[in-house]
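Student:
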Amino acid sequence: MKKTLAIIMTAALTIGTMAGCSQSTLNYSKEISNTAKWEATTSNIEGTVNVDATGIKEEITFTATGYAANNESYVEMKFNDASGKFNIPEIKAYSDGTTNYINKSFYEGIYALSGQTAPEALTNIKEEYIAIDSASNGINANQIKALTTQPDAVVELGKLVFGNSDIDLPFVQNDREYTINLDTNQTVDLGAKAVKAAGNNLDNINNTFKLGLTTEGIAQAKTSINDASFDKSLTDAKTALAGSTITSKEAFTDSDYTSDFNVNLQVKDFGKISFVMKSTSTKSEVKAITLPTSKIKLTAEEFAKVSAPTNTTIEAKTGVVAK
3 MKKTLAIIMT AALTIGTMAG CSQSTLNYSK EISNTAKWEA TTSNIEGTVN VDATGIKEEI
63 TFTATGYAAN NESYVEMKFN DASGKFNIPE IKAYSDGTTN YINKSFYEGI YALSGQTAPE
123 ALTNIKEEYI AIDSASNGIN ANQIKALTTQ PDAVVELGKL VFGNSDIDLP FVQNDREYTI
183 NLDTNQTVDL GAKAVKAAGN NLDNINNTFK LGLTTEGIAQ AKTSINDASF DKSLTDAKTA
243 LAGSTITSKE AFTDSDYTSD FNVNLQVKDF GKISFVMKST STKSEVKAIT LPTSKIKLTA
303 EEFAKVSAPT NTTIEAKTGV VAK
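Be aware that the sequence shown starts at 3, since it is given in this note's numbering, and climbs by one per residue.
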């Protein structure tokens, strides 16, 4: 998961290489690429979400631990809310490079969190984990692996996502530390630029990542982002979010990587929302990851049916072992 995130981030950044992006961005891109090449990585994350608005005052904290080696990875994430009003389910996720495994109880917990009853087809599954083949989502694991070691391929991915755009992130570099400080106007403008670049390149994105978007849907999306009303909505967003900030500080060494990320939203006529996340990733020794044995393997289409509120049932496929 960490490597995939690193690839996506690097792809988003390297597209600026051909359009004159800043040297600090290029240096940051290289740092991210280097961490993705570690044979094994241990990660720890902790964060807090605070909402202080009219009639609402909530705090939710979360922690996550993860480990990745070669093509395999594992992450466990837990949530806690001070008021006890929420019961966000724990998530345990594994990947062997081609298949992703997530605990069934997480999906059931999401339905409970929203006050709904989980579909019968989902609750009838006896296995503890639901495994979905990455290829069924149009993701090619071998291509992703190649992008971690082939800079040209990363540049090509950036071109596929953003086209010939000049997107750049305003990093301030101090040795191997990189910071970003964005106010409301800068955040909205940067986000809009990325949306327009990707939206106008939606045909290539759809074909490359097999999103299954229709020609009509793509045309509607392009019309929306290029309409004058889209630009007007940006002005409205800046007014509604005036006083908001986004800051980040990331520091690299040859053996670890730390990140502090903060979002403070001031929402007009609503209140304040803050999000703080601190993470550390450390270069580690390679060790074996024990994948779940109690699992049912589904395609993305089969999982969609299981998740739908119907009486459809899915039987475990040949080779699936249940505890």
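For each residue, glycine too, the CB sits at the ideal point set by N, CA and C.
Quick caveat: nothing in here was measured; it's all calculated off a predicted structure.
Which term fits A306, buried or exposed, when burial requires 16 or more other beta carbons within 10 angstroms of its beta carbon?
Tutor: exposed
Student: Could you name the residues that DSSP lists as bridge partners for A66?
Tutor: BP columns for A66 point to I47 and M79.
Student: Which same chain residues end up closer than 6 Å to L15 when comparing Cβ atoms and leaving out the 5 residues on each side of it in sequence?
Tutor: A caution first: L15 carries a pLDDT of 40, below 50, which makes its placement in the model unreliable, though a value can still be read off. Result list for L15: T27 and S31, in chain order.
Student: Under DSSP, the beta strand (DSSP E) around V269 begins and ends at which residues?
Tutor: D258 to V269
Student: As a quick exercise: from L300, K289, L243 and T295, pick the residue whose alpha carbon is nearest that of K274.
Tutor: L243
Student: Here's a check: name, in chain order, each residue in its chain whose Cβ is nearer than 8 Å to the Cβ of T241, leaving out the five neighbours to either side.
Tutor: K270
Student: Please report the Cβ distance between S281 and N46, rounded to the nearest whole angstrom; I am assuming they are in contact, meaning their Cβ atoms lie under 8 Å.
Tutor: 7 Å
Student: Quick check: D98 and L293, are their CB atoms within less than 8 Å of each other?
Tutor: yes
Student: Exposed or buried, V174, counting other C-beta atoms within 10 Å across all chains shown (16 or more means buried)?
Tutor: exposed
Student: Identify which residue in M279, D233, D258 and T237 has its Cα closest to the Cα of S250.
Tutor: Answer by Cα proximity: M279.
Student: Tell me where the alpha helix (DSSP H) around S226 begins and ends.
Tutor: Per DSSP, the continuous alpha helix (DSSP H) segment holding S226 begins and ends at T217 to I227.
Student: Would you mind stating whether G201 and I227 have Cβ atoms separated by less than 8 Å?
Tutor: Yes, these two residues count as a Cβ contact at 8 Å.
Student: Residue range of the alpha helix (DSSP H) that V288 falls in?
Tutor: Unbroken run through V288: none, as it is neither H nor E.
Student: What does DSSP give as the partner residue(s) for V190 in the beta ladder?
Tutor: Answer by DSSP bridge pairing: none, since V190 is not bridged.
Student: Check whether the Cβ atoms of I62 and F81 sit closer than 8 Å, and answer yes or no.
Tutor: A contact, by the Cβ cut-off of 8 Å.
Student: Roughly how many angstroms lie between the CA atoms of T43 and E218, to the nearest whole one?
Tutor: The alpha-carbon atoms of T43 and E218 are separated by roughly 43 Å.
Student: If you follow the alpha helix (DSSP H) that F173 is part of, which residue opens it and which one closes it?
Tutor: Secondary structure note for F173: it is in no alpha helix (DSSP H), with a DSSP letter that is neither H nor E.
Student: Secondary structure at E41, three-state DSSP: helix, strand or coil?
Tutor: Three-state DSSP puts E41 in coil, outside helix and strand.
Student: Alpha helix (DSSP H) containing T237: first to last residue?
Tutor: T237 -> alpha helix (DSSP H) spans A230 to A242.
Student: Would you mind working out which of I169, W40 and T67 sits nearest A199, comparing C-alpha positions?
Tutor: Residue I169 is the option with its Cα nearest to A199.
Student: Pull the bridge partners of K280 from the DSSP assignment, please.
Tutor: E48 and D262
Student: What is the DSSP secondary structure of D154, reduced to helix, strand or coil?
Tutor: With a pLDDT of 41 at D154, under the threshold of 50, the predicted position of this residue should be treated as unreliable, though the coordinate-derived value follows. Reduced to three states, the DSSP call for D154 is helix.
Student: Is T101 closer than 8 Å to K299 when the C-beta atoms are compared?
Tutor: yes
Student: Let me confirm a value: N105 is counted as buried when at least 16 other C-beta atoms fall within 10 Å, else exposed. Which label applies?
Tutor: buried
Student: What's the C-alpha gap between N183 and T210?
Tutor: 33 Å
Student: Taking DSSP as the reference, what is the three-state secondary structure of L7?
Tutor: Model confidence at L7 stands at a pLDDT of 42, short of 50, so the residue's coordinates are unreliable and nothing is read from them.
Student: Nearest by alpha-carbon distance to A290: which of Y76, K39, A55 and D258 is it?
Tutor: Y76
Student: What's the call for E129, buried or exposed, on a 16-neighbour Cβ count within 10 Å?
Tutor: buried
Student: If we count the other Cβ atoms within 10 Å of its Cβ and call it buried at 16 or more, is S283 buried or exposed?
Tutor: Label assigned to S283: buried.
Student: With distance defined between alpha-carbon atoms, name the residue in T186, I34 and I132 nearest to L236.
Tutor: T186
Student: With the cut-off set at 8 Å, would you say S246 and N266 are in Cβ contact?
Tutor: yes
Student: In the structure shown, what three-state DSSP assignment does I248 receive?
Tutor: strand
Student: Starting from N105, follow the beta strand (DSSP E) in both directions and report where the run begins and ends.
Tutor: Run containing N105: T101 to N105, per the beta strand (DSSP E) assignment.
Student: Could you tell me which of A302, E304, S276 and T295 sits nearest to D54, measuring between CA atoms?
Tutor: Ranked by how close their Cα comes to the Cα of D54, the residues A302, E304, S276 and T295 have S276 in first place.
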